[in-house]
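Numbering (my numbering), first residue to last: 97 to 510.
Working notes, structure below.
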Amino acid sequence: MRNTLYYGDNLAILREHIDDASVDLIYLDPPFNSARSYNVLFKHESGDAAEAQLKAFDDTWHWGQEAEHTFHELVTQGSPPIANMIGAMRQFIGDNQMMAYLVMMAARLVELHRVLKPTGSLYLHCDPTASHYLKVILDTIWGAQNYRNEIVWQRTNVHSDSKTWSHVSDVIFFYSKSAQFTWNPVYTPHTDEYLGTKYRYRDADGRTYRLDNMTSPNPRPNMMYEWKGFPFPPNGWRYSKETMARLDAEGRIWYPDSTSKRPQLKRYLDEMPGRLLSNVWTDIPPINSQAAERLGYPTQKPVALLERIISASSNPGDVVLDPFCGCGTTIAAAQKLGRHWIGIDITNLAIALQKYRLQDAYGLEAGRDYLVIGEPVDLASAAQLAQDSRHQFEWWALSLIRAQPINPGDSSGK
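Dropping the structure here:
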């Protein structure tokens with residue numbers, strides 16, 4: 097497949113362009129319904145600020161005709177569990193911004209479930225504003241049995257909340273489409289404290305190791321044999337005679353100075369992959385004003401966060417989809433890791449940032465190395481965009497001269 101960026105409403109694009117069971121991994125970081133508006137001040141490559149300050153997006157959703165229409169679709173065309181769930185939510189929550197947001201998300205999650213392969217996974221990034229409602233929707237569409245994890249990402253260390261516990265984390269829900277899903281364990285380095293207490297021994301060749309028990313946890317009569325003058329433990333040895341002989345020949349058995357003690361297995365530090373990662377991630381810092389990867393996009397996520405998710409839940413050559421791809425962190429990480437990718441966003445600002453990011457980081461050019469679908473390609477389509485949305489036309493026009501967002505706090509003009 098060809099890597100592709102789509103400009104437009106992701107619900108329509110999913111329905112019209114993305115085939116059933118064609119995607120291996122989905123990551124989405126949708127607006128959080130926190131009633132925030134984000135503005136971006138543009139500058140030219142020369143560093144001069146443009147006069148127009150444009151709104152990147154408004155993450156507030158309003159109950160109106162579109163929400164009512166989408167709700168009607170879910171109730172009349174969705175499966176009975178989805179219809180019952182969204183109907184009950186509306187009775188409980190009412191017709192308001194939160195319900196509009198949840199209806200919007202439910203419709204898209206139905207389509208995302210359709211396009212995902214049976215071995216695929218979905219990661220939904222959100223904050224506590226609506227996470228509890230979103231999990232109910234995910235359980236209904238994806239099946240509670242396919243819930244895998246609630247990942248907590250510590251996105252900042254401090255936050256000034258005077259009357260509540262500081263809000264320093266986001267939630268990332270991890271679901272698979274079935275029990276047979278792609279999974280590559282992720283390891284992190286051991287702490288210095290752990291290494292100092294566990295790996296306390298060193299071979300003559302300088303290799304660091306720790307000692308591990310060689311006794312069987314359960315009674316095994318066939319493993320009850322004497323080994324080099326050492327009597328077998330009450331349950332027998334963990335390994336057969338043949339394996340013990342091989343380990344001994346490789347110098348992997350530590351022998352005590354008395355047969356009243358037991359030999360132990362040497363586990364070398366340089367052969368250990370590290371510590372299995374838990375569902376609490378504190379080792380990936382957010383994008384701050386000094387970060388080299390900062391693009392000025394208000395909700396930009398670190399590349400390391402997406403690299404971790406993509407590495408764990410896909411393999412090289414797999415297809416990664418981000419239906420709210422913003423400034424393109426997901427597709428940049430997918431490109432770096434050798435995956436195919438599909439990105440969708442409703443603003444020309446985001447599509448422009450993604451194109452420049454791919455060009456600057458990887459030398460990729462739209463049309464030659466990947467497709468861009470939905471942008472104006474001639475005078476007639478540009479005029480149509482101007483008629484449909486003046487702001488989107490302005491953003492598209494600015495992208496042609498490579499206008500760039502100014503990083504907040506950057507007074508250098510760079």
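Just so you know, even glycine gets a beta-carbon here, dropped at the ideal spot from N, CA and C.
As the structure is a computational prediction, the values presented were derived from the model and not from experiment.
Just confirm the distance between the C-beta atoms of residue i and residue j, as a whole number of angstroms; I'd bet it's less than 8 Å.
i: G470; j: Y102; result: 6 Å
i: L208; j: I122; result: 5 Å
i: Y458; j: N99; result: The pair is not a contact, with the Cβ atoms about 11 Å apart (cut-off 8 Å).
i: D456; j: I447; result: In fact, because the Cβ distance is near 15 Å, the residues do not count as touching under 8 Å.
i: T225; j: F128; result: 5 Å
What residue range does the beta strand (DSSP E) around residue i cover?
i: P214; result: 212-222
i: N245; result: 243-250
i: W437; result: 436-441
i: L417; result: 415-418
i: Y123; result: 119-124
Which residue marks the beginning of the alpha helix (DSSP H) containing residue i, and which one marks its end?
i: E169; result: 161-173
i: K337; result: 337-345
i: T425; result: 425-432
i: Q187; result: 176-189
i: E112; result: 106-113
CB-CB under 7 Å to residue i, same chain, minus the five flanking residues each way: which ones, in chain order?
i: R316; result: N331, G332
i: F270; result: S217, Y219, R244, N245, I247
i: P369; result: Y283
Count the other CB atoms within 10 Å of the CB of residue i; is the residue buried (16 or more) or exposed (fewer)?
i: N106; result: buried
i: F277; result: buried
i: I402; result: A small correction: the amino acid at residue 402 is Leu; Ile does not occupy that position in the sequence shown. Label assigned to L402: buried.
i: W157; result: buried
i: N180; result: exposed
i: K397; result: buried
i: S336; result: exposed
i: L372; result: exposed
i: A341; result: exposed
i: T395; result: buried
i: T443; result: buried
i: V119; result: buried
i: G292; result: exposed
Which residues in the same chain as residue i place their Cβ atom closer than 6 Å to its Cβ, once the five residues preceding and following it in sequence are excluded?
i: A163; result: A196, V199
i: Y229; result: L198
i: L124; result: L220, P419, F420
i: I349; result: L343, P359
i: M320; result: F328, G332
i: I438; result: T100, L417
i: T166; result: V199, A203
Ordered along the chain, which non-local residues of its own chain (more than five positions away) have a Cβ less than 8 Å from that of residue i?
i: R363; result: Y305, R306, L307, D308
i: S274; result: P214, T215, N242
i: L170; result: I178, A179, I182, V199, A202, A203, V206
Going by C-alpha distance, which of the options is nearest residue i?
i: I268; options: I349, Y219, R435; result: Y219
i: K451; options: T425, H113, L205; result: T425
i: I237; options: D266, L467, E246, S272; result: S272
i: G160; options: G190, R296, V211, V416; result: G190
i: A203; options: G325, R111, L373; result: R111
i: K324; options: S312, L445, A345, K231; result: A345
i: V282; options: E389, V376, Q193; result: V376
i: P285; options: L365, V468, D353; result: L365
i: I383; options: T252, K231, R303; result: T252
For residue i, decide whether its Cβ has a neighbour in chain C, counting only Cβ atoms nearer than 8 Å.
i: A300; result: Structure shown: chain C not included; a single protein chain is present.
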